[in-house]
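In the numbering used here, the protein residues as written are 96 to 148. Yeah, the Cβ is synthetic: ideal placement off N, Cα and C, and Gly gets one too. Step one of this worksheet: look at the structure below.
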């Protein structure tokens with residue numbers, strides 16, 4: 096998962112753990128909604144992205 100605004104990536108393998116950590120520490124469920132926990136921008140799934148030429 097990639098945030099185009101923050102230019103940061105989150106590995107899919109880490110999403111579950113990070114989501115639980117955010118919920119327990121900060122009461123934020125932004126990852127569940129597909130949003131960046133820092134800026135709120137919609138995350139992009141790079142595996143589902145279409146490459147156009």
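Following the DSSP letters along the chain, one finds residue 108 inside the alpha helix (DSSP H) bounded by residues 107 to 121.
Cβ contact annotation for residue 101 (same chain, cutoff 8 Å, sequence separation greater than five): 131, 133, 134 and 136, in chain order. According to the DSSP secondary-structure assignment, residue 130 is paired through a beta bridge with 137. Note on geometry: alpha-carbon atoms of residue 108 and residue 114 lie some 11 Å from one another.
Annotated as proximal: residue 129 and residue 138, with beta-carbon spacing under 9 Å.
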